[in-house]
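Per my numbering, the sequence shown starts with residue 608, numbered consecutively. Think of the CB as a built atom: it goes at the ideal place given N, C-alpha and C, for glycine as much as any other residue.
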Amino acid sequence: MPTTSSAGFWSDLAIRARNIHKPFFSAIGEHISPPRVIERMRAELFLISYPKTGRTWLRMLMKTALHRHYGVPISDPLEFHELSNRFADMPRIAVVHDDEPHWKRPAQLTTDKSRWYHDKRVILMVRDPRDTIVSLYHQMSKRWKVFRPEWVTMSEFFWSERGGFDTMIRYYNIWADQRDAPRDLLMVRYEDLHADTAGELRRVLDFLGVRGVDDSTIADAIEENRIERVRKREAAGEFRTHRLQPGVKGDPSSMKARKGKIGGFVEELPWADVVRATERIRTELDPWYGYDGITLPEQPADISKDGS
608 MPTTSSAGFW SDLAIRARNI HKPFFSAIGE HISPPRVIER MRAELFLISY PKTGRTWLRM
668 LMKTALHRHY GVPISDPLEF HELSNRFADM PRIAVVHDDE PHWKRPAQLT TDKSRWYHDK
728 RVILMVRDPR DTIVSLYHQM SKRWKVFRPE WVTMSEFFWS ERGGFDTMIR YYNIWADQRD
788 APRDLLMVRY EDLHADTAGE LRRVLDFLGV RGVDDSTIAD AIEENRIERV RKREAAGEFR
848 THRLQPGVKG DPSSMKARKG KIGGFVEELP WADVVRATER IRTELDPWYG YDGITLPEQP
908 ADISKDGS
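What follows is the structure in structure tokens.
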């Protein structure tokens, strides 16, 4: 890491400390915090994902559609308990980064999913690992501020032993192997949600058991949560939750709603890494996810074949 000036000493010290306490307190919040443990124990359905797979977008789509369906105003754009406490057909939902994989090496991941999910329903949100890890780099460096971008390159983070590409592939393969552990499981791919937002949202609502949601309600939810609109509201500070605020004011890459682009990794990842990751997804990731047929994207004109 580069040496720092005295003016930036305390800022850098805080960031280095966060690199230690962020994983620690994240694990406590997930597995030890009484409210979180109670929430998980009471949950009838889990919405699970690796970080940066588009789960926030799905939650906002679900929340808007459900609130309009039930005819009640939204007080929190991300939480579901206010609905499950009032309406009998609305299941109790816990939203978790199951196993906190983004802080772990592949060998540290839990391989048995039956402990928490054997009698539960699960929505598993997934995304192309290439896009996911690139987006997670910005989350780690500019929102959580675990490290400065000048300390760790995109390529170094992508292949890092904790939370990088290898961990994500292993995490997905574990879930593919354990997909029968929950009582029922619905996989939602980010790419499919982009291609047919109405159809995928309808599928999710049906899985919840919430019937009779009008097509117009779904259309309104989609319009309300278009990425451009969400990004504009986030930049303006309209959301009353810190989870939907930019990590660095004025920096679009630090926003929760960053790009929402499919295939955007090719604009940020060295070409040699793109080639390597694409081949490994095709050969190592369980075909259950449907990514085994991915092809190498077109090489940007300003990137040489050696990845520079």
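Do residue i and residue j have their C-beta atoms within less than 8 Å of each other?
| i | j | result |
| --- | --- | --- |
| L668 | I829 | yes |
| Y779 | D893 | yes |
| H676 | V882 | no |
| I655 | D705 | yes |
| L652 | I700 | yes |
| T890 | L903 | no |
| W710 | G770 | yes |
What distance in whole Å lies between the Cβ atoms of residue j and residue i, which are believed to be in contact at a cut-off of 8 Å?
| i | j | result |
| --- | --- | --- |
| L665 | L800 | 7 Å |
| L731 | L792 | 6 Å |
| V817 | L673 | 7 Å |
| E768 | R712 | 5 Å |
| S748 | R755 | 7 Å |
| A783 | Y896 | 7 Å |
Exposed or buried, residue i, counting other C-beta atoms within 10 Å across all chains shown (16 or more means buried)?
| i | result |
| --- | --- |
| H725 | exposed |
| Q746 | buried |
| D773 | buried |
| E798 | buried |
| P789 | buried |
| Q906 | exposed |
| K670 | buried |
| E757 | exposed |
| M648 | exposed |
| G678 | exposed |
| K659 | buried |
| A650 | buried |
| R693 | exposed |
| S682 | exposed |
According to DSSP, is residue i helix, strand or coil?
| i | result |
| --- | --- |
| R722 | helix |
| L903 | coil |
| S656 | strand |
| G897 | coil |
| V759 | coil |
| M697 | coil |
| L793 | strand |
| V644 | helix |
| I825 | helix |
| V679 | coil |
| I730 | strand |
| A908 | coil |
| V703 | strand |
| N780 | helix |
| K863 | A caution first: K863 carries a pLDDT of 45, below 50, which makes its placement in the model too unreliable to give a value. |
Closer than 8 Å by C-beta to residue i: which residues in its own chain qualify, once you throw out the five before and the five after it? Chain order, please.
| i | result |
| --- | --- |
| M775 | Y657, P708, P736, T739, I740 |
| V795 | L665, I730, L731, M732, V733, E807, R810, V811 |
| I781 | L716, T717, T718, K720 |
| L876 | R737, V741, M761, S762, F765, A884 |
| D822 | A805 |
| R728 | E651, L652, F653, P698, P789, R790, D791, L792, L793, F814 |
| N832 | W664, M667, L668, T671 |
Between which residues of its own chain and residue i is the CB-CB distance below 7 Å, once the five residues before and five after are set aside?
| i | result |
| --- | --- |
| W766 | F772 |
| I825 | A672, A805, L808, R809 |
Using a Cβ-Cβ cutoff of less than 6 Å, which residues in the same chain neighbour residue i once the five nearest sequence positions on both sides are dropped?
| i | result |
| --- | --- |
| F872 | R737, D738, V741 |
| G900 | none |
| V702 | L654 |
Between residue i and the ligand MN, is the CB less than 7 Å from at least one heavy atom?
| i | result |
| --- | --- |
| R734 | For the structure depicted, the ligand MN is absent and the ligand set is empty, with no information on it obtainable. |
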